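S.K.:
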Amino acid sequence: MRSVLKYIRSRNIVNFLVIFYVVGLTGMIFPFTRELFKHLIPFALLMSTFLLFIFHEDYSNRFWIAAISIFLITYFVEVIGVNTGVLFGDYLYGNTLGLKLFNTPLIIGINWIMLIYCTLFIAGRFVKDKYFMAIVAAAAMVVYDFVLEPSAIYFGMWSWVNGAVPLQNYIAWFFLAFIMNLIAIHFGLVSSKNKVASPLFFIQLLFFIVLDLWIFAEKIWGGDWFA
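Quick note on our numbering: the sequence shown kicks off at 1 and runs consecutively.
1. If we ignore side chains and look at the alpha-carbon of each, how far apart do V210 and L182 end up?
2. Please work out which residues of its chain come closer than 7 Å, Cβ to Cβ, to A172, disregarding the five sequence neighbours upstream and downstream, and give them in chain order.
3. Determine the extent of the alpha helix (DSSP H) in which S48 is found, giving its start and end residues.
4. Using only the alpha-carbon positions, how far apart do M141 and W221 sit?
5. Which class does L115 belong to by DSSP, given the choice of helix, strand or coil?
6. Alpha carbon to alpha carbon, how far is K193 from V127? Give it in angstroms, no decimals.
7. Drop a sphere of 10 angstroms on the beta-carbon of E35, count the other beta-carbons inside from all chains shown, and report buried for 16 or more, exposed for fewer.
8. Evaluate L176 with the Cβ neighbour count: other Cβ atoms within 10 Å of its Cβ, from every protein chain shown; 16 or more gives buried, anything less gives exposed.
9. What distance in whole Å lies between the Cβ atoms of V136 and A123, which are believed to be in contact at a cut-off of 8 Å?
10. Identify, in the order they occur along the chain, each residue of the same chain with its Cβ nearer than 7 Å to the Cβ of N83, setting aside the five sequence neighbours on each side.
11. What three-state label does DSSP hand S69 in the structure shown?
12. Keeping to the same chain, check which residues put their C-beta closer than 8 Å to that of S60; ignore five residues upstream and five downstream.
13. Taking Cβ to Cβ, would you say N95 is nearer than 8 Å to G156?
14. When you compare only the Cα positions, how much space is there between L97 and I19?
15. Is it true that the CB of K130 sits closer than 8 Å to the CB of I73?
16. Using beta-carbon positions only, say whether A217 and F178 come within less than 8 Å of one another.
17. Looking at Y144 and L52, is the spacing between their C-beta atoms short of 8 Å?
18. Less than 8 Å between the CB atoms is what I'm expecting for T49 and I113, so what's the real figure, rounded?
19. Looking at the structure shown, is T96 part of a helix, part of a strand, or coil, going by DSSP?
20. Quick check on P105: does DSSP put it in helix, strand or coil?
21. Which same chain residues end up closer than 8 Å to D212 when comparing Cβ atoms and leaving out the 5 residues on each side of it in sequence?
22. Among the residues of its own chain, which have a CB less than 8 Å from the CB of F174, if the five just before and after it don't count?
23. For E57, which residues in the same chain have their Cβ closer than 7 Å to its Cβ, ignoring the five residues on either side in sequence?
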């Protein structure tokens, strides 16, 4: 693993992620490549998580307990949420995120792990108290979800039955993220020296901000600019 890590560092992984997401952004905007790039979203999430974990330092049993627990808990909470409408509100997953089980894409659990890791890493740079750290990271998750929602809806990742995103969704995201953060902190999921965690989060955040601005501009001026 260390030899692989040394190789990836020499290729400058952060620059690769920037280029990768810029290409993805371009592919999502142009209509003639949009469908292809939409179906590549699960691959992009898997690749991002893989690169994140390559830079993790301690693959202890506690790390795997945390990662597997977060995957299973968040996935089945999403299963309950999408099939009942009780937790997050009434929503449905589209086909953009790939293979589904119980009406929920399997990639969702992976995405939760990645976001928990990244937001906790960032929060840990500013605060040390575990409860405050969990709160800050959960708040960052809510900000991320708020930015993500317009693009996710537009590109068919999921849709809300009543159209608008309910406040209930953000409240549920915060509390679920807070609990997962405490699990991650307790078991030591996050490496304090991971060089990919912070850049990955902000690259993704900027990716969705730009997409949101494009969607907003398109709605104002009408039509698909590149159709």
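No residue lacks a Cβ here, since even glycine has one placed at the ideal position from N, Cα and C. Just so we're clear, the structure is a prediction, and the values are computed from it rather than from any experiment.
M.R.: On the basis of the supplied data:
1. Reading the sequence shown from its first residue, position 210 is the one you call residue 210. Reading the sequence shown from its first residue, position 182 is the one you call residue 182. Their backbone Cα atoms lie some 32 Å apart in a straight line.
2. As a first step, residue 172 must be located in the sequence shown, where it is residue number 172. The residues are L87 and F88.
3. Working through the sequence shown from its first residue, we reach residue 48 at position 48. Where S48 is concerned, the enclosing alpha helix (DSSP H) stretches over I41 to I54.
4. If you number the sequence shown from 1, residue 141 lands on position 141. If you number the sequence shown from 1, residue 221 lands on position 221. Their backbone Cα atoms lie some 31 Å apart in a straight line.
5. Residue numbering aside, residue 115 sits at position 115 when the sequence shown is read from its first letter. Of the three classes helix, strand and coil, the one that applies to L115 here is helix, per DSSP.
6. For the purposes of this step, residue 127 is taken as the residue at position 127 of the sequence shown. For the purposes of this step, residue 193 is taken as the residue at position 193 of the sequence shown. Roughly 16 Å separates the two Cα atoms.
7. Here residue 35 refers to the residue found at position 35 when the sequence shown is read from its first residue. With fewer than 16 Cβ atoms within 10 Å of its Cβ, E35 is classed as exposed.
8. Within the sequence shown, the letter at position 176 stands for residue 176. It is buried - the Cβ of L176 has at least 16 other Cβ atoms within 10 Å.
9. Reading the sequence shown from its first residue, position 123 is the one you call residue 123. Reading the sequence shown from its first residue, position 136 is the one you call residue 136. With a Cβ gap of about 4 Å, A123 and V136 count as contacting.
10. Here residue 83 refers to the residue found at position 83 when the sequence shown is read from its first residue. Excluding residues within five positions, the ones whose Cβ falls inside 7 Å are F102 and N103.
11. As a position in the sequence shown, residue 69 is number 69, starting the count at 1. Three-state result, S69: helix.
12. Position 60 of the sequence shown, counted from the first residue, corresponds to residue 60. Correct list, in chain order: G188.
13. Sequence index remark: in the sequence shown, residue 95 carries index 95 (1-based). Sequence index remark: in the sequence shown, residue 156 carries index 156 (1-based). Yes, Cβ-Cβ distance for N95 and G156 is below 8 Å.
14. Locating residue 97 in the sequence shown gives position 97, counting from the first residue. Locating residue 19 in the sequence shown gives position 19, counting from the first residue. Cα-Cα distance, rounded: 22 Å.
15. Counting from 1 along the sequence shown, the entry for residue 73 is found at position 73. Counting from 1 along the sequence shown, the entry for residue 130 is found at position 130. Cβ atoms of I73 and K130: not closer than 8 Å.
16. Reading the sequence shown from its first residue, position 217 is the one you call residue 217. Reading the sequence shown from its first residue, position 178 is the one you call residue 178. No.
17. Counting from one through the sequence shown, the residue named residue 52 turns up at place 52. Counting from one through the sequence shown, the residue named residue 144 turns up at place 144. No. Outside cutoff.
18. As a first step, residue 49 is located in the sequence shown; it is residue number 49 there, counting from the start. As a first step, residue 113 is located in the sequence shown; it is residue number 113 there, counting from the start. That belief holds up - the Cβ atoms of T49 and I113 are roughly 7 Å apart, short of 8 Å.
19. Locating residue 96 in the sequence shown gives position 96, where the first residue counts as 1. In the structure shown, T96 sits in coil (DSSP, three-state: anything other than H, G, I, E or B).
20. Start at 1 with the first residue of the sequence shown, and residue 105 comes out as number 105. Of the three classes helix, strand and coil, the one that applies to P105 here is strand, per DSSP.
21. Your numbering for residue 212 matches position 212 in the sequence shown. Hits under 8 Å: V147, P150 and S151.
22. By 1-based counting over the sequence shown, the position of residue 174 is 174. Excluding positions up to five away in sequence, the list reads A138, A139, M141 and V142.
23. Locating residue 57 in the sequence shown gives position 57, counting from the first residue. Cβ within range, chain order: S191 and K193.
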